[in-house]
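Q: Encoded as structure tokens, here's the structure I'll be asking about.
Residue numbers (this note's numbering), protein chains in the order written: chain A, 89 to 507; chain B, 94 to 253.
This is the structure:
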């Protein structure tokens, strides 16, 4: 498969606009601007593209929710707040191919009439933020941004907004609150951002990888995209593999690639002689799978049918030396650290889970602790304002479901079975 | 602090231009002020930012306190080291990296060296999982860490 998203990954020159243009860049923008906006939205719908940030919502449909009234200002926000542990794919695009993202954003903005866009990038990505700012400046100089883009009469301004250390900003309404200068706590939905988003105006929030698919869909067509991978979950996908494999890193492969193919054909297999114990297929919120699930396909629907999710496509591989209690503790500590404090089940529940997991890990587990964890999970799941609390629970339930005896071993023996 | 603000006047004007109101620029202005003040924000600076952006001081404080990368009141060392300790780094030995740094710097996590050169903190996933274990020093990422690599990096940053 010819790469569409990572074709410039690792290249030291492609972040420069002239190099990007020499490689065929901004041709898709010129083609798109000769199309009607409805045609572009239809094309994206036909491609079957689903959001790569984690939720998998159909992108074209999302764009079509934006009101058509040209007198209402509209916004596009690119979610580059990549923070789900295990996830490092968007950084791969931002650092090496910032114009791919920018081109996709201009096309998207033209399609639903956004006059301004913000790229919300996590604060730690200082290098990427500078890359994007320089690239945006170059795009203005070439007439791809600003007034009357490519003589079309369409005007668009693009800005970088830097986060400063808060995972919750990846939740789309918290992201909007953050741009507006408030504490980044999620908003009540409805109203959905398509009607009342940034500054109360219609807003689309799309992930970096989603928007970076757009130029290729314009150039190569909806059929090209929809013919890759499963019918209902098509396209090229970036998988970010980390943990106990020989060659961790980013891999652009068809949706629907199996976990086994990814680990053993592309990543060179396990990093040692120790066998595989568990795989988290989509960032830490995604319930884990075990060694019996390796033929599961990595796409939205196949993973959902296994009770897990594709999430961000961050595949974390663990070998037999991994203590499941310790790993569950580390993951849960993340969620309680990042809980924004808005709603009680998450604010109070996630630290409680961490406290119990910590004592299990440190050999101070009490009889009934595994059941206590399960009870706490039930009191958090489905009762929180946003998906953060649910993510913490889905992760932990996955651990307990697959390795319950290991948790119980920690309770009974005050030590670990794996290590 | 006022002196510091006049030094970064142009930078602040540029970020105010990005948004329809001052409040939206609060994160950028806090960052610029923190960088200009050697890595931390003073109470006076927060007050000045509130006046500049037409916000209540408590709102500026709330924004600054919400995000982990703002450092309020507490001065940091010249170089701030953040070691990632979440899942992918942990699977590849983050704990060992943290212990090694604590020994090399002769401080505990959360502390600053006596010569004010280094502050050591931990982070929950810095998005560099394919090159674990890793750390961030100031704006730069250091990946695929080993003990000898850490020695080199710290020497380059002036550890005696």
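Yeah, the Cβ is synthetic: ideal placement off N, Cα and C, and Gly gets one too.
Could you tell me which whole beta strand (DSSP E) segments of length 3 or greater appear in the region 303 to 366 of chain A?
A: Whole beta strand (DSSP E) segments, 3+ residues: 324 to 331, 337 to 342.
Q: Would residue 477 of chain A and residue 488 of chain A be called neighbours here (beta carbons separated by less than 8 Å)?
A: Not in contact: residue 477 of chain A and residue 488 of chain A (Cβ atoms no closer than 8 Å).
Q: Considering just the uninterrupted stretch of the beta strand (DSSP E) at residue 168 of chain A, what are its terminal residues?
A: Here the beta strand (DSSP E) through residue 168 of chain A covers 163 to 168.
Q: Let me confirm a value: residue 99 of chain B is counted as buried when at least 16 other C-beta atoms fall within 10 Å, else exposed. Which label applies?
A: By the neighbour-count rule (16 or more Cβ atoms within 10 Å), residue 99 of chain B is not buried but exposed.
Q: At a Cβ cut of 8 Å, what residues of the region 154 to 176 of chain B count as close to chain A, listed as they run along the chain?
A: Result list: 155, 156, 159, 160, 161, 162, 163, 175.
Q: Using a 10 Å radius around the Cβ and a threshold of 16 neighbouring Cβ atoms, would you call residue 237 of chain B buried or exposed?
A: Classification for residue 237 of chain B: exposed.
Q: Would you say residue 116 of chain B faces chain A, with C-beta separation under 8 Å as the test?
A: Yes, contact with chain A.
Q: Could you check the C-alpha separation between residue 224 of chain B and residue 409 of chain A for me, to the nearest Å?
A: Distance between the alpha carbons of residue 224 of chain B and residue 409 of chain A: 20 Å.
Q: Quick check on the burial criterion: 16 or more other C-beta atoms within 10 angstroms. Buried or exposed for residue 124 of chain A?
A: Answer is exposed; the Cβ neighbour count stays below 16.
Q: Mind checking residue 388 of chain A: buried by the 16 CB within 10 Å criterion, or exposed?
A: It is buried - the Cβ of residue 388 of chain A has at least 16 other Cβ atoms within 10 Å.
Q: When we look at the beta-carbon of residue 127 of chain A and count the other beta-carbons within 10 Å, is it buried (16 or more) or exposed?
A: The residue is exposed, with fewer than 16 neighbouring Cβ atoms inside 10 Å.
Q: Alpha carbons only, please: which of A/252, A/261, A/180, A/175 is nearest the one belonging to residue 212 of chain A?
A: Out of A/252, A/261, A/180, A/175, A/252 has the C-alpha closest to the C-alpha of residue 212 of chain A.
Q: Out of A/255, A/254, A/273, state which residue places its alpha-carbon closest to the alpha-carbon of residue 261 of chain A.
A: Ranking the options by Cα distance to residue 261 of chain A, first place goes to A/273.
Q: Apart from the five residues on each side of it in sequence, which residues of its chain come closer than 6 Å, Cβ to Cβ, to residue 97 of chain A?
A: 180, 184.
Q: Beta carbon of residue 286 of chain A, beta carbon of residue 256 of chain A: below 8 Å?
A: In this structure, residue 256 of chain A does not lie closer than 8 Å to residue 286 of chain A by Cβ.
Q: Can you check the region 192 to 250 of chain B for any alpha helix (DSSP H) of at least 4 residues that lies completely inside it and give the ranges in chain order?
A: The qualifying runs are 240 to 249.
Q: Contact check, residue 355 of chain A vs residue 333 of chain A under 8 Å by CB: the rounded distance?
A: 4 Å between Cβ atoms; contact.
Q: May I ask which residues mark the beginning and end of the beta strand (DSSP E) holding residue 205 of chain A?
A: Counting along the chain, the beta strand (DSSP E) containing residue 205 of chain A begins and ends at 204 to 209.
Q: Going by the DSSP bridge assignment, what does residue 173 of chain B pair with across the sheet?
A: Answer by DSSP bridge pairing, in chain order: B/212.
Q: Give every residue of the same chain whose Cβ lies closer than 7 Å to the Cβ of residue 101 of chain B, excluding the five residues on either side of it in the sequence, and list them in chain order.
A: Correct list, in chain order: 125, 129.
Q: What are the boundary residues of the beta strand (DSSP E) that residue 407 of chain A is part of?
A: Its beta strand (DSSP E) spans residues 402 to 407.
Q: Smallest Cα separation from residue 215 of chain B: which of B/158, B/186, B/175, B/198?
A: Checking every option, the nearest Cα to that of residue 215 of chain B belongs to B/175.
Q: Quick one: is residue 138 of chain A near chain B, going by C-beta distance under 8 Å?
A: So no, residue 138 of chain A is outside the interface.
Q: Where residue 182 of chain A and residue 216 of chain A are concerned, what is the direct C-alpha to C-alpha distance, given to the nearest angstrom?
A: Distance between the alpha carbons of residue 182 of chain A and residue 216 of chain A is about 6 Å.
Q: Terminal residues of the continuous alpha helix (DSSP H) containing residue 120 of chain B?
A: Where residue 120 of chain B is concerned, the enclosing alpha helix (DSSP H) stretches over 119 to 129.
Q: State the DSSP-derived secondary structure class of residue 193 of chain A, mapped to helix, strand or coil.
A: Reduced to three states, the DSSP call for residue 193 of chain A is helix.
Q: Can you pull the chain A neighbours of residue 232 of chain B, defined as C-beta to C-beta under 8 Å?
A: In chain order: 214, 215.
Q: Express the C-alpha separation of residue 364 of chain A and residue 312 of chain A in angstroms, rounding to a whole number.
A: Spanning the two alpha carbons is a distance of roughly 35 Å.
Q: Return the CA-CA distance between residue 278 of chain B and residue 201 of chain A, expressed in angstroms with no decimal places.
A: Examination of residue 278 of chain B is not possible in this model, given that chain B is present from 94 through 253 alone.
Q: How would you list, in chain order, the residues of chain B whose beta-carbon sits under 8 Å from the beta-carbon of residue 168 of chain A?
A: Chain B residues near residue 168 of chain A: none, gap ~10 Å exceeds 8 Å.
Q: Any C-beta of chain A sitting closer than 8 Å to the C-beta of residue 106 of chain B?
A: So, not an interface residue.
Q: To test your reading of the DSSP string, which unbroken beta strand (DSSP E) runs of 3 or more residues are found completely within the region 232 to 257 of chain A?
A: Here the runs fully enclosed are 245 to 250.
Q: How many angstroms separate the CA atom of residue 320 of chain A from the CA atom of residue 211 of chain B?
A: When rounded, the distance between both Cα atoms is 51 Å.
Q: Among A/411, A/419, A/428, A/465, whose alpha-carbon lies nearest the alpha-carbon of residue 437 of chain A?
A: The shortest C-alpha separation from residue 437 of chain A is found at A/465.
Q: Mind checking residue 144 of chain B: buried by the 16 CB within 10 Å criterion, or exposed?
A: Classification for residue 144 of chain B: exposed.
Q: Shortest alpha-carbon distance to residue 162 of chain A belongs to which of A/170, A/169, A/152?
A: Here the closest residue by C-alpha is A/152.
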